[in-house]
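**Student:** In my numbering, the protein residues as written are 213 to 660.
Think of the CB as a built atom: it goes at the ideal place given N, C-alpha and C, for glycine as much as any other residue.
Dumping the structure here so I can ask a few things about it.
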Amino acid sequence: MSTYGKIARVFLPITLVVLLGTGAWAYKEYQEKSSILIKAENQYQRAFHELNNHMDSLQGEIGKVLAVNSQKHLSDSLTNVWRLTYAAQSDVAQLPLSLMPFHDTQKFLGRMGTFSYHAGVRDFDKEPLSEKEYQTLNTLYQNATDIKGKLNDVQSQVLSKNLRWMDVELAIATEDKKLDHTIIDGFKAVNNMVVQFPEVDWGPTVNNLEVRKKEKFTTLKGRNISEEEAKEKVAKLLDRSTEGMKVTFAEKGDFPVYSISFEGKNGPCNLDLTRTEGHVTWMLYNRPVKETKLNREQALEKAQFFLKKMGYEGMVPISHIEDDHVLTLSMVHKEGNILIYPEALALKIALDNGEIIGIQADEYVFNRKERVFEKPTLTHEQARKQVNPHLKVTGTNQAYIYGEDGKEALCYEFLGTLKDNQYRIFINGDTGEEEFVEKIEKEEPEKT
213 MSTYGKIARV
223 FLPITLVVLL
233 GTGAWAYKEY
243 QEKSSILIKA
253 ENQYQRAFHE
263 LNNHMDSLQG
273 EIGKVLAVNS
283 QKHLSDSLTN
293 VWRLTYAAQS
303 DVAQLPLSLM
313 PFHDTQKFLG
323 RMGTFSYHAG
333 VRDFDKEPLS
343 EKEYQTLNTL
353 YQNATDIKGK
363 LNDVQSQVLS
373 KNLRWMDVEL
383 AIATEDKKLD
393 HTIIDGFKAV
403 NNMVVQFPEV
413 DWGPTVNNLE
423 VRKKEKFTTL
433 KGRNISEEEA
443 KEKVAKLLDR
453 STEGMKVTFA
463 EKGDFPVYSI
473 SFEGKNGPCN
483 LDLTRTEGHV
493 TWMLYNRPVK
503 ETKLNREQAL
513 EKAQFFLKKM
523 GYEGMVPISH
533 IEDDHVLTLS
543 MVHKEGNILI
553 YPEALALKIA
563 LDNGEIIGIQ
573 ADEYVFNRKE
583 RVFEKPTLTH
593 EQARKQVNPH
603 LKVTGTNQAY
613 IYGEDGKEAL
623 CYEFLGTLKD
633 NQYRIFINGD
643 TGEEEFVEKI
653 EKEEPEKT
């Protein structure tokens, strides 16, 4: 046998083993990547179809508000409108729309939610809906009908053409004209329609909140960070590298942000950071959570540790909701013995391992400042006398809030129950006036 033949007999099997091993490794990696893409596509599809369902329900609920005569049913329906607008905004946040103009629709849903919430928490026996408010609700019903119709058209085409959201993400990122733009064009049409809606009379509460929002976005001071610095901040916060991160700069609503997206271990992750100083205002890590291993106290410890890494300290929980193995904590800043409600944020914690999978922190970021608190004119006992005597008080705090006129106020907060309903009532510490009343749905957790 020749020397070549001997060498071939030795190395050919080795080469085959190496090639087979490389092929197996490549196939395994392909399967893993395919699995991640399928999960992401399924999550996008679910969010899109839930958005349609929530808009259908929202339109129906506004119609119910216009039809009911019972004060209790009116309050319940307005609260449902608020919940559904929040749910619809949450659905939109889970879709890859960061590079697509859709913020006008999101802003419209936010205003609708604020209007319905403040309309629904009051005592209708003392303050029934005004004729102007009914006119506003009629307008909102028509607007919701139009949005629902456009989204239903997009949904029909998605189903009939079997369109994929991953292709939408690719089309937006690459600006590829050859890819199907049905979904992109549909969402642009919805947003353009919302822009052309006639001006809605939102009333003083929403208008004051809008003015305050625009004012607070100008209060953030510091230097503007670069895209690379934004990626490094996210990498440090989430203990990962900057590899695979996509960054876009956008004027989201009223303030400029860097929107960062990347593929996490088990799903897509998106964050918004302010261009000024790089504060995280929003995050969503859309991954499955299939079991509960941590209790509420353990999850709170994870949340506090994460907030410390963000530099958001002194936060205390005021409410929590546990659903589908995820704990959502609403938290406010506490200074001394005073709860500062404008400095609020919310966290979503996965109860399988304590990972933070959601953040909403723009209120904290833009309202955070040094405050000097004057001693209130009224004592706790004097303020308590201003509360409805039929309210069974279960807890009290000193609290700092923005009143419905948009001005800051130091209040006494009273938590209690009345006729099987739970309420949070704020009494102005100087004037004794009822500054704000919040109805708390019974299915929500207890308030601290």
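Quick check: the segment 256-265 against the segment 299-316, are there 3 or more CB pairs under 8 angstroms?
**Tutor:** These segments touch.
**Student:** In the segment 458-536, which residue ranges form an unbroken beta strand (DSSP E) of at least 3 residues, counting only runs that do not cross its ends?
**Tutor:** Counting whole runs of 3 or more residues, the segment 458-536 contains the beta strand (DSSP E) stretches 458-464, 467-475, 480-486, 492-497, 527-535.
**Student:** Extract the residue ranges of the alpha helix (DSSP H) inside the segment 285-370, only unbroken runs of 4 or more that lie entirely within it.
**Tutor:** You should have 315-332.
**Student:** Does DSSP put residue 242 in a helix, in a strand, or in coil?
**Tutor:** Any reading at residue 242 must be qualified, since the residue scores a pLDDT of 48, below 50, and its modelled position is unreliable; the value itself is stated next. It is helical.
**Student:** When the Cα atoms are used, what is the spatial distance from residue 475 to residue 252?
**Tutor:** Taking the straight line joining both Cα atoms gives about 9 angstroms.
**Student:** Relative to the C-alpha of residue 526, which residue among 497, 291, 504, 556 is closest?
**Tutor:** Comparing Cα-Cα distances from residue 526 to each of 497, 291, 504, 556, the minimum goes to 556.
**Student:** Exposed or buried, which one is residue 250 when buried takes at least 16 other CB atoms within 10 Å?
**Tutor:** With fewer than 16 other Cβ atoms within 10 Å, it is exposed.
**Student:** Out of 264, 268, 293, which has the shortest C-alpha to C-alpha gap to residue 278?
**Tutor:** Answer by Cα proximity: 293.
**Student:** Can you name the start and end residues of the alpha helix (DSSP H) that residue 445 belongs to?
**Tutor:** Segment 439-450, the alpha helix (DSSP H) holding residue 445.
**Student:** In the DSSP assignment, what are the bridge partners of residue 542?
**Tutor:** According to DSSP, which records beta bridges pairwise, residue 542 is partnered with 531, 558.
**Student:** Under three-state DSSP, which class holds residue 279?
**Tutor:** The answer is helix: DSSP assigns residue 279 an H, G or I state.
**Student:** Output the boundary residues of the alpha helix (DSSP H) element that contains residue 608.
**Tutor:** Premise fails: residue 608 lies in the beta strand (DSSP E), 604-614, not in any alpha helix (DSSP H).
**Student:** Check this for me: beta carbons of residue 639 and residue 623, under 7 angstroms apart or not?
**Tutor:** Cβ distance < 7 angstroms, so residue 639 and residue 623 count as in contact.
**Student:** For residue 496, which option in 301, 265, 287 has the closest C-alpha, if you only look at C-alpha atoms?
**Tutor:** Considering only alpha carbons, the answer is 301.
**Student:** Give me the Cα-Cα distance between residue 567 and residue 356, rounded to the nearest whole angstrom.
**Tutor:** Between residue 567 and residue 356, the C-alpha separation is close to 36 angstroms.
**Student:** Taking DSSP's pairing of strands, which residues face residue 403 in a bridge?
**Tutor:** DSSP lists no partner for residue 403.
**Student:** Between 289, 507, 444, which has its C-alpha nearest residue 532's C-alpha?
**Tutor:** When only C-alpha atoms are compared, the closest one is 507.
**Student:** By alpha-carbon positions, which one of 318, 606, 313, 290 ends up nearest to residue 303?
**Tutor:** Closest option to residue 303, Cα to Cα, is 318.
**Student:** Mind checking who residue 629 pairs with in its DSSP beta bridge?
**Tutor:** In DSSP, residue 629 forms a bridge with 604, 634.
**Student:** Using only the alpha-carbon positions, how far apart do residue 646 and residue 394 sit?
**Tutor:** Those two C-alpha atoms are separated by around 51 angstroms.
**Student:** Taking the continuous beta strand (DSSP E) assigned at residue 598, which residues delimit it?
**Tutor:** Run containing residue 598: none; DSSP gives neither H nor E here.
**Student:** As a quick exercise: from 413, 414, 412, 367, pick the residue whose alpha carbon is nearest that of residue 397.
**Tutor:** The option with the nearest alpha carbon to residue 397 is 367.
**Student:** With a 10 Å radius around its C-beta and 16 neighbouring C-beta atoms as the bar for buried, classify residue 282 as buried or exposed.
**Tutor:** So residue 282 ends up on the exposed side.
**Student:** Am I right that residue 323 and residue 414 are in contact with their C-beta atoms under 8 angstroms? What's the rounded C-beta distance?
**Tutor:** Yes, they are in contact, since the Cβ atoms of residue 323 and residue 414 sit about 6 angstroms apart, within 8 angstroms.
**Student:** Which class does residue 648 belong to by DSSP, given the choice of helix, strand or coil?
**Tutor:** Correct three-state label for residue 648: strand.
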